[in-house]
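> In my numbering, the protein residues as written are 52 to 444.
Every residue, glycine too, gets a C-beta built ideally from N, C-alpha and C.
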Ligand code: LCS
């Protein structure tokens, strides 16, 4: 079915489906590494790109392509590329768009390894980078150099929940012929579509909201146009962080309920954030749905709902935070996010431990910051659990 002009929820369910020979209701798992050519000329035509068809699963595969087409429609892009992990997508993005002597600007707070890989491996390959608070447009403009090729932002940032105005930053970047990549993992395509706001590339860790069930790892890039798409796809096929067909099937299955899951998780998160904000043992809460949130207006403009992610600090800092994390019974003490289950973790010693202490401090990733990914359990149970654990402090 052609879903191009249909609503988002219809795209979630049907976009990317192909006409299976047996009429299967869902894209079957083509668990094969290679595809037989009809004859030698057919193989040559496929390799030359003169005819569409499947060659080898690192290059393309019907199940993976069904997912890629769905993601491209969800983000309103020219094309999607699926990866074995979100980090596979991050590495391919950097490798495709940056070469020795180039410079990039990134959000100071972002998923730790997305920044660390730039400041270690890519630095060693001769790529320069500046990480700063990308919510400050003037600071971004001041950091632009003649060799700046990419501005790469996370909004909201992991784990500090800072937003960057995607429309404004895209306008600024394009005045300087710089491409804009947005890691949209924290929002998910249900809440925010960066390409509609002027960005050039969207990145997702599919591990999170898109798959939503904490049972696979995966990543994706979605490109605005064909030229960027081809550059990114080449990086995926050469570096080889390709998705597996079974993994693609799982994501196709998971993403169909994205809008329902994110809507409920966001509703729960609002109640959890209000509970935390009013609790005497909490020092501060950052959640885009709270009126106390510094970028409340931007959140309303840019995001459909405030989402499922909350960061907060307990009075008493890290020690008090540890007591909370060690005493929750319903929420899991685990990294990752965006699943149906509530997860709690400590960024400074876990997801952002790969960053230097100085870089963490400069990005406001304090030692006392606790990150909470709100699930779709009964919200009263989530709050009761947090309340009893806070009572142990
Ligand atoms: N981008 C963001 C915003 C992420 O949060 C993550 C993983 C990645 C990219 C990388 O994706 P992956 O390779 O894991 O699929 N974030 C994690 C986190 O906060 N806890 O564990 C993983």
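#1: Check each candidate in 419, 411, 432 and 405 and name the one with the smallest Cα separation from residue 171.
#2: Which class does residue 213 belong to by DSSP, given the choice of helix, strand or coil?
#3: Can you find the residues in the same chain that come closer than 7 Å, C-beta to C-beta, to residue 441, ignoring five residues on each side of it along the sequence?
#4: Going by DSSP, name the residue or residues bridged to residue 199.
#5: In chain order, what are the residue ranges of uninterrupted beta strand (DSSP E) at least 3 long that sit wholly in the region 378-442?
#6: Helix, strand or coil for residue 254 per DSSP?
#7: With distances taken from CA atoms, which of 288, 336 and 262 is nearest residue 107?
#8: Counting Cβ pairs, one atom from each stretch, are 3 or more of them under 8 Å apart for the region 82-102 and the region 245-257?
#9: What are the start and end residues of the beta strand (DSSP E) that includes residue 233?
#10: Per DSSP, which one or two residues make a beta bridge with residue 107?
#11: Are the region 225-234 and the region 178-187 touching, with three or more C-beta to C-beta distances below 8 Å?
#12: Check each candidate in 155, 206, 54 and 303 and name the one with the smallest Cα separation from residue 346.
#13: In whole angstroms, what separates the C-alpha of residue 64 from that of residue 308?
#14: Just verifying my parser: in three-state terms, what is the DSSP assignment at residue 342?
#15: Leaving out five residues on either side along the sequence, give the residues of the same chain with a beta carbon under 6 Å from the beta carbon of residue 378.
#16: Is residue 247 a contact residue of ligand 1, with contact defined as CB to any heavy atom under 7 Å?
#17: Hey, out of 283, 208, 271 and 202, whose CA is closest to residue 250's CA?
#18: Determine which residues share a DSSP beta bridge with residue 363 and list them.
#19: On the criterion of 16 or more Cβ atoms from any shown chain inside 10 Å, does residue 61 qualify as buried, or is it exposed?
#20: Does the count of Cβ pairs from the region 265-280 and the region 396-414 closer than 8 Å reach three?
#21: Cβ of residue 327 within 7 Å of any heavy atom in ligand 1?
#22: Does DSSP classify residue 180 as helix, strand or coil?
#23: Mind checking whether the beta-carbon of residue 338 lies closer than 7 Å to any heavy atom of ligand 1?
#24: How big is the Cα-Cα spacing for residue 252 and residue 430?
#25: Which residue spans inside the region 261-343 form an unbroken alpha helix (DSSP H) run of at least 4?
#26: Is the region 214-228 in contact with the region 367-374, if contact means three or more CB pairs nearer than 8 Å?
#27: Which residue's Cα is closest to the Cα of residue 437: 254, 326, 386 and 357?
#28: Out of 416, 392 and 394, point me to the one whose CA is closest to residue 403's CA.
#29: Going by Cα to Cα distance, which pick from 126, 382, 188 and 338 is closest to residue 204?
#30: Is the beta carbon of residue 381 sitting closer than 8 Å to the one on residue 432?
#31: For the region 72-87 and the region 114-126, state whether three or more C-beta atom pairs, one from each stretch, are separated by less than 8 Å.
#32: Closer than 7 Å: is that where the CB of residue 173 sits relative to any heavy atom of ligand 1?
#33: Take residue 131 as the anchor and find which of 95, 393, 322 and 271 has the nearest alpha-carbon.
#34: When you measure from the CB of residue 205 to every non-hydrogen atom of ligand 1, does any distance come out below 7 Å?
Well, looking at it:
#1: If we check each option's Cα against that of residue 171, 405 comes out closest.
#2: In the structure shown, residue 213 falls within a coil segment according to DSSP collapsed to helix, strand and coil.
#3: If the five residues before and after residue 441 are omitted, its C-beta is found closer than 7 Å to the C-beta atoms of 330, 332 and 375, all from its own chain and listed in chain order.
#4: DSSP, once it has assigned bridges, lists 154 as partnering residue 199.
#5: Listed in chain order, they are 394-396 and 420-424.
#6: If DSSP states are grouped into helix, strand and coil, residue 254 belongs with the strands.
#7: Among 288, 336 and 262, the Cα nearest to that of residue 107 belongs to 288.
#8: With the rule of 3 Cβ pairs closer than 8 Å, the region 82-102 does not count as touching the region 245-257.
#9: Here the beta strand (DSSP E) through residue 233 covers 230-234.
#10: Its beta-bridge partners are 85.
#11: Output reads no: the region 178-187 does not touch the region 225-234.
#12: Minimum Cα-Cα distance from residue 346 among the listed residues 155, 206, 54 and 303 corresponds to 206.
#13: Residue 64 and residue 308: Cα-Cα distance of roughly 8 Å.
#14: Coil.
#15: Within the same chain, and ignoring the five residues on either side of residue 378 in sequence, the residues whose Cβ sits closer than 6 Å to its Cβ are 440 and 443.
#16: Outside the cutoff, so no.
#17: Ranking the options by Cα distance to residue 250, first place goes to 202.
#18: Beta-bridge pairing links residue 363 to 336 and 421.
#19: Residue 61 comes out exposed.
#20: Counting Cβ pairs under 8 Å, fewer than three are found: no touch.
#21: No, Cβ of residue 327 sits at least 7 Å from all heavy atoms of ligand 1.
#22: Residue state for residue 180 is assigned as strand, using DSSP reduced to three classes.
#23: For ligand 1, not one heavy atom lies less than 7 Å from the Cβ of residue 338.
#24: Their Cα atoms are separated by approximately 35 Å.
#25: If we require 4 residues or more, the alpha helix (DSSP H) runs fully inside the region 261-343 come out as 277-290, 296-306 and 309-328.
#26: The region 214-228 is not in contact with the region 367-374.
#27: Closest option to residue 437, judged by alpha-carbon separation, among 254, 326, 386 and 357: 326.
#28: Among 416, 392 and 394, the Cα nearest to that of residue 403 is on 416.
#29: For the options 126, 382, 188 and 338, the alpha carbon positioned closest to that of residue 204 is the one of 188.
#30: Cβ distance < 8 Å, so residue 381 and residue 432 count as in contact.
#31: Note that the region 72-87 touches the region 114-126; at least 3 beta-carbon pairs, one per stretch, sit closer than 8 Å.
#32: Distances taken from the Cβ of residue 173 to the heavy atoms of ligand 1 include none shorter than 7 Å.
#33: The shortest C-alpha separation from residue 131 is found at 271.
#34: Indeed, a heavy atom of ligand 1 lies less than 7 Å from the Cβ.
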